[in-house]
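Protein chains in written order, with my numbering: chain A, 1 to 667; chain B, 1 to 250. By construction, the Cβ of each residue, glycine as well, lies at the ideal position given by its N, Cα and C atoms. Notes to accompany the following structure.
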């Protein structure tokens, strides 16, 4: 068994990163020109990594399956990005951001990585402002902040409900600058099909040109996987339609351990499912919980009347409403972390208090916020004894300035006006904390293969706090990987160009081609989406918001059966040498059908509840998650052995020196 | 609802395309336009026919991938809405809907409704950035206050999703709204002002090189823009361009 070495530097937690940077090997500028790096994915992690590596002098080849790097799904992130700037003077610090993130992750993340994340967070904001990212500002011209779930300070920087877009366009513009200089060669509409190993090291990839179908070989001295998370294993999620796990899964099958696959985040505030035709779910930013109050009716008969359309939610009296988050968690109220808020919504809906036709929705209500803001505005404008209408109008104006684009999006999708009636929301799959296992340097267990951003497992433990994904993606890409990769590449300054005319590349190319041929030759009766939808149902029902051993075992068997059926009955029209969207989906779903089983295996192995992983067998009498630190304070890292259900578990024991491990309470 | 679709089908860039007719039935008004096409595509696959190729990804109106020309309008009949956010409740039972790709010389068709918009990327590569390296040692983010009004205007310009609706809507296939949005964003902020002259010259030159047409200020782009990018940006870009060319030293 390989020993898992996280390569955490020596020294006190606040000195580790500085010391490490001072002692790792460097590559001099002249030699960087001799080294090629492949970056797969151009979201916040990939875009920032590609731009930074190119600025430093490496030759970068960047790949994305979209028609432009600007379309990566980081663009859809709404709420904001955390940084320990303490501009609001509310007592924030690097340590507090670190502590909140560790606690938010339910003490299942690696302390040294999280501290580093908090440490570099402040540089991210400086960097983005310097790039021209138009963050929200106050009237004095300084940057504005807001608060997010699971914390008690305002440290979130934002650009309306489009923070991800603005940050990604920042990274895209930095990439564009390097593309114009020839330091990045950009491969749009290309999908990575496999990683190529030479003498045990990652030395390139096989990619498919999605326009022509051509299978291409690309060599490099290192390969960086920044291809995002695997939420689409659930079919319905807030991920983009094209978001997929294939790059991660392919490196896993070639030797990279997969970390904590069962840790998935179900986001509490999404637009509920409307019907069978549904292709994806839409998030309503967590920032809405700053001002929105979540409730269901107190009485079942009222819930029933609302479901049938006989009672309007606005007509239900205050005393007949159950603001269940404020009731259960008085100190954090509506701003409890995502896992807690999601489970609480499920609990109420399962108990029969759901408020839409399917019974799977709760209210997110802005009426109180509109009144509160309206009164303040009236004072600001010197209106004495304002009428209720005036207050409401002014209040709506404030709410619109904060969340206008989100309200507009909600209305387009649901045909309901959230200024007049409460939004209906329900939890949906949003993010995956698990991912490829990496050491402190972000290197996977394949030498020369790195993973950044959502694709790796490293910083969020069992639950990610809001506004931390953008922070991690940019931290990895701008400020961590560009340094740590030099330590590895310093041995490659005399290697010379990596030839793709070798048996290893040929074998990998043939493997990809034969797998595509096999898929096309099945000529079965059912579409790719048919199988994907069924996989999603298994995962959502049995490996979703709450899990138990019996269901998980059944899910594993069901997934294996579905996988067999897929490989004997899928129908893919067209051929391999053209643009073929069905074939693209099929290659991705084939991987989801394996990964899903590994997720269930991990959920079954982990006999405790932690963060997003809630095992019904392990809960307190009040229904809160019950961790088992004695037996499960480790990262699960799985080694592929040919069968996803029989992956070998390696454990990275988690040591906590800077924080005291406690029961996580938001009461 | 039951509908008739007339869809542009084109096997590849060099092949001649034509409109094909497809009936679709049992369409729910809650479906998005693309979900309606998903249903049709699944039926086509089941029948052994080639599904209709179209670009799409986030399906929440922000990535800019989707780009259908529906009944003569980019992104269809609803203003300030991308194709993916258009819902079938905007149509009536029995309607015939025409679906074409965004057409422009600088957006060649790849297949069916999919076009190549990499010309937009090349315009950004010509100067749509601030030349600052990611050292982490830049100024503190609050070192230069930016008036809220300027920051808000820069943000409004920066919300462009690069979908190309402005080009598709324009009778001249001009990309002025797209280019001016980026020029405006960066010229309104102190961080981008330093390179303003060179930026606008280079981006405009690249825009012309890509084969986009000239602007004759019909305003169609602003009307069809799903993000409501304002024509004011074009005016601002024209000022920036003039300034850059009368004081070329800057």
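To which residues does DSSP link residue i through a beta bridge?
i                      : result
residue 3 of chain B   : B:24
residue 564 of chain A : None, per the DSSP bridge assignment.
residue 431 of chain A : A:265
residue 297 of chain A : A:321
residue 101 of chain B : B:68
residue 187 of chain A : A:63
residue 17 of chain A  : Bridge partners of residue 17 of chain A: none, in fact.
residue 615 of chain A : A:547
residue 450 of chain A : A:224, A:443
residue 258 of chain A : A:436, A:638
residue 86 of chain B  : Its beta-bridge partners do not exist; DSSP assigns none.
residue 287 of chain A : DSSP, once it has assigned bridges, lists no residue as partnering residue 287 of chain A.
residue 392 of chain A : Bridge partners of residue 392 of chain A: none, in fact.
residue 230 of chain A : None, per the DSSP bridge assignment.
residue 74 of chain B  : B:69
residue 625 of chain A : A:619
residue 192 of chain A : A:207
residue 157 of chain A : A:81
Given a cut-off of 8 Å on the beta-carbon distance, is the pair residue i and residue j in contact?
i                      : j                      : result
residue 539 of chain A : residue 265 of chain A : no
residue 309 of chain B : residue 177 of chain B : With chain B represented from 1 up to 250, any question about residue 309 of chain B goes unanswered, as that position is not in the structure.
residue 163 of chain A : residue 292 of chain A : no
residue 653 of chain A : residue 636 of chain A : no
residue 128 of chain B : residue 203 of chain B : yes
residue 614 of chain A : residue 546 of chain A : yes
residue 168 of chain A : residue 190 of chain A : no
residue 598 of chain A : residue 647 of chain A : yes
residue 399 of chain A : residue 348 of chain A : no
residue 126 of chain A : residue 186 of chain B : no
residue 56 of chain B  : residue 40 of chain B  : no
residue 145 of chain A : residue 87 of chain A  : yes
residue 535 of chain A : residue 481 of chain A : no
residue 364 of chain A : residue 272 of chain A : no
residue 668 of chain A : residue 187 of chain A : Residue 668 of chain A lies beyond the range of chain A shown here (1 to 667); nothing can be said about it.
residue 477 of chain A : residue 176 of chain A : no
residue 285 of chain A : residue 435 of chain A : no
residue 511 of chain A : residue 198 of chain A : no
residue 88 of chain B  : residue 19 of chain B  : no
Since I believe residue j is in contact with residue i (beta carbons under 8 Å), could you give me their beta-carbon distance rounded to a whole number of angstroms?
i                      : j                      : result
residue 337 of chain A : residue 142 of chain A : In fact, because the Cβ distance is near 28 Å, the residues do not count as touching under 8 Å.
residue 58 of chain B  : residue 77 of chain A  : Wrong, their Cβ atoms sit about 11 Å apart, outside the cutoff.
residue 231 of chain A : residue 237 of chain A : 4 Å
residue 72 of chain A  : residue 121 of chain A : 21 Å between Cβ atoms; not a contact.
residue 42 of chain B  : residue 529 of chain A : 6 Å
residue 68 of chain A  : residue 131 of chain A : At roughly 18 Å, the Cβ-Cβ gap does not stay under 8 Å, so residue 68 of chain A and residue 131 of chain A are not in contact.
residue 356 of chain A : residue 289 of chain A : With a Cβ gap of about 19 Å, residue 356 of chain A and residue 289 of chain A do not count as contacting.
Take every Cβ of the segment 509-521 of chain A, pair it with every Cβ of the segment 53-67 of chain A, and state whether three or more of those distances are shorter than 8 Å. With the cut-off at 8 Å, the segment 509-521 of chain A and the segment 53-67 of chain A do not touch.
Interfacial residues, the segment 135-163 of chain B to chain A, with Cβ spacing under 7 Å: From the segment 135-163 of chain B, only 136, 138, 139, 140, 141, 142, 145, 146, 147, 148, 151, 154, 155, 158, 159, 162 have a Cβ closer than 7 Å to chain A.
Name, going along the chain, the residues of the segment 458-480 of chain A whose beta-carbon falls closer than 8 Å to a beta-carbon of chain B. Those would be 478, 479, in chain order.
Quick check: the segment 100-114 of chain A against the segment 105-119 of chain B, are there 3 or more CB pairs under 8 Å? At 8 Å Cβ cutoff, the stretches do not touch.
With a threshold of 8 Å, are at least 3 pairs of Cβ atoms found where one atom belongs to the segment 593-601 of chain A and the other to the segment 556-571 of chain A? The segment 593-601 of chain A vs the segment 556-571 of chain A: in contact.
Say whether the segment 138-155 of chain A touches the segment 82-101 of chain A, bearing in mind that this needs 3 or more beta-carbon pairs closer than 8 Å, one atom from each stretch. Yes, the segment 138-155 of chain A touches the segment 82-101 of chain A.
Name, going along the chain, the residues of the segment 252-279 of chain A whose beta-carbon falls closer than 8 Å to a beta-carbon of chain B. Going along the segment 252-279 of chain A in chain order, one finds 274, 275, 277, 278, 279 with a Cβ nearer than 8 Å to chain B.
Within 8 Å of chain B by C-beta, residues of the segment 191-215 of chain A in sequence order: Answer set for the segment 191-215 of chain A: 211.
For the segment 139-146 of chain B against the segment 214-230 of chain B, do three or more pairs of beta-carbon atoms, one drawn from each stretch, fall closer than 8 Å, so that the two count as touching? No, because fewer than three Cβ pairs between the segment 139-146 of chain B and the segment 214-230 of chain B fall closer than 8 Å, the two stretches do not touch.
Any contact between the segment 251-268 of chain A and the segment 451-462 of chain A? By contact I mean 3 or more CB pairs, one from each, below 8 Å. Segment contact: the segment 251-268 of chain A against the segment 451-462 of chain A, three or more CB-CB distances shorter than 8 Å; contact assigned.
Taking a cut of 7 Å between CB atoms, which residues from the segment 509-537 of chain A lie near chain B? Contact annotation: in the segment 509-537 of chain A, residues whose CB is within less than 7 Å of a CB in chain B are 527, 529.
Given a limit of 9 Å on CB to CB distance, which residues of the segment 393-419 of chain A reach chain B? For the segment 393-419 of chain A, the set of positions with a beta-carbon nearer than 9 Å to some beta-carbon of chain B reads 405, 408, 409, 412, 413, 414, 415 in chain order.
Stretch pair the segment 570-587 of chain A + the segment 198-215 of chain A: three plus CB contacts closer than 8 Å: As far as the Cβ criterion goes, the segment 570-587 of chain A touches the segment 198-215 of chain A, which means the pair count is three or higher.
Does the count of Cβ pairs from the segment 233-247 of chain B and the segment 74-94 of chain B closer than 8 Å reach three? No contact exists between the segment 233-247 of chain B and the segment 74-94 of chain B.
Members of the segment 90-114 of chain B that neighbour chain A once the beta carbon cut-off is set at 8 Å: Within the segment 90-114 of chain B, contact with chain A at the beta-carbon level (separation under 8 Å) is assigned to 110, 111, 114.
Compile a chain-ordered list of the residues in the segment 65-80 of chain B whose CB is closer than 9 Å to at least one CB of chain A. Along the segment 65-80 of chain B, going in chain order, the ones with a CB nearer than 9 Å to a CB of chain A are 65, 78, 80.
Could you tell me whether the segment 278-286 of chain A touches the segment 324-334 of chain A, where touching means 3 or more Cβ pairs closer than 8 Å? In short, these stretches do not touch, since the Cβ pair count stays below three.
Using a Cβ-Cβ cut-off of less than 7 Å, list which residues of the segment 123-145 of chain A approach chain B; keep chain order. Contact annotation: in the segment 123-145 of chain A, residues whose CB is within less than 7 Å of a CB in chain B are 123, 125, 126, 127, 129, 130, 131, 132, 134, 137, 138, 139, 140, 141, 142, 143.
Cβ-based contacts, 9 Å cut-off: residues of the segment 568-581 of chain A near chain B: Along the segment 568-581 of chain A, going in chain order, the ones with a CB nearer than 9 Å to a CB of chain B are 571, 572, 573, 574, 578, 579, 580, 581.
Using a Cβ-Cβ cutoff of 9 Å, what residues of the segment 122-133 of chain B are near chain A? List them in chain order. Listed by position along the chain: 122, 124, 125, 126, 127, 128, 129, 130, 131, 132, 133.
Which residues of the segment 52-63 of chain B have a Cβ closer than 7 Å to any Cβ of chain A? Give them in chain order. Residues passing the 7 Å Cβ filter: 53, 55, 56, 57, 58, 59, 60, 61, 62, 63.
So, does the segment 380-400 of chain A touch the segment 304-311 of chain A, judging by three or more C-beta pairs under 8 Å? With a cut-off of 8 Å, the segment 304-311 of chain A and the segment 380-400 of chain A do not count as touching, because too few Cβ pairs lie within range.
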